[in-house]
Amino acid sequence: MENFNTQFMYSIIIIAIGYIFKRSNLLKEKDGEAIARLIFNITLPCLIISTFHNIILEKSLVMLIIIGLTYGILIAFIGLYFLRKEARTNKGMLGMLMPGFNIGLFAYPLVQGIWGAEGIKYFGMFDIGNAFATFGISYLIGSYYSKENDTLNVKSAVHKMSKSIPLMTYMVILIVNIIGIAIPSPIIDITNTISKANMPLSLLLLGIYLNFTFDKSYWKGIGKVLGLRYSVGLVLGATCFFLLPVEDMFRYTVLIALILPMPTSVLPYSVEFNYNQRFVGTAANLSILISFLLLWFLGNMIV
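In this note's numbering, the protein residues as written are 54 to 356.
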């Protein structure tokens, strides 16, 4: 419990530093784009390699991949059903915000600080399924209902997934493990050193992107999206937590993963499909604040 609250306090301080630097004009939001590219293309892949290079694929870990993808499909169908009366473009914008979670930037720093490599291993498995939901299902929904598209652009979704360096790193490292190829120790040492920068950089980036200015006209649409995301996530997460006969780390992963904030990819999607970027940005910001509070509350109950 003490370690959990200490990690949360440190995380809040680092996020606050990023926010204060932005408010003081020492850093700007556009600087966050460079930091995000550094995280997704270098520090996060290094964290994946250093954590998963010698992983043993147990049944429970494979189940987390399935749960991550299955939940993405389920919440997409539930969301589109509840949004069926919305205008086509509004349905697309709100619908694409339903699947997917921000695991790389939001969850990993906290998980790494609280549970270390063991926690990263479990959340990483969930993130593989989540990546297919984020880069596949979410993208297809946004594409299908946008003004410019009338058909599912599966080819573009596959292209998006193939360009995701974290996802490709997951796939390569798992294949290497299955085949039984040993990664040279110098590579592991280098990736382990670089991976240590992932947690502070990710938290600083959250602070840089944090925004407390919200347009009141967005509340109705955001309320629908966040209401569905968190109510379904909490119910299914709690059900799995109390009923599944699995190890504690598996139960923690499912409970926490299903209440994480929206993935950062929804922002470039909103640009690509000509949706309301300020609305999407506001929804993503609010989901970060809500998830942070929920994680602190649930964490103090279960850890």
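All C-beta atoms, glycine included, are put in the ideal place defined by N, C-alpha and C. In this text, all values refer to a predicted model and were calculated from it rather than measured experimentally.
For V285, which residues in the same chain have their Cβ closer than 7 Å to its Cβ, ignoring the five residues on either side in sequence?
Listed in chain order, the non-local C-beta contacts of V285 below 7 Å within the same chain comprise I128 and I131, local neighbours out to five positions each way being set aside.
Only counting the same chain, and skipping five residues up and downstream in sequence, which positions put a Cβ closer than 7 Å to that of T244?
Around T244: C99, I102 and S103.
Mapping the DSSP letters down to three states, classify T266 as helix, strand or coil.
coil
Let me know if F105 comes out buried or exposed under the rule of 16 or more other beta-carbons within 10 Å of its beta-carbon.
buried
Just list the alpha helix (DSSP H) runs in the region 197-281, keeping only unbroken ones of 4 residues or longer that don't cross its boundaries, in chain order.
207-215, 218-232, 238-248 and 251-262
CA nearest to the CA of G233, picked from I109, N327, A210 and L351:
Closest option to G233, Cα to Cα, is I109.
If you follow the alpha helix (DSSP H) that A89 is in, where does it begin and where does it stop?
E82 to L91
Since M151 and V278 are thought to touch, with beta carbons under 8 Å apart, how far apart are those beta carbons, to the nearest angstrom?
7 Å
With a 10 Å radius around its C-beta and 16 neighbouring C-beta atoms as the bar for buried, classify Y134 as buried or exposed.
Per the 10 Å Cβ criterion, exposed.
For the structure I just gave you, are there three or more beta carbon pairs, one from the region 149-167 and one from the region 302-321, closer than 8 Å?
Taking 8 Å as the limit for Cβ pairs, the verdict is that the region 302-321 does touch the region 149-167.
Taking the beta carbon of S215 as the centre, do at least 16 other beta carbons fall within 10 Å, making it buried, or is it exposed?
exposed
DSSP three-state assignment for V115, whether helix, strand or coil
helix
Keeping to the same chain, check which residues put their C-beta closer than 8 Å to that of I118; ignore five residues upstream and five downstream.
Sequence-distant Cβ neighbours of I118 in its own chain, meaning closer than 8 Å and more than five residues away, are M178, F179, I181 and G182.
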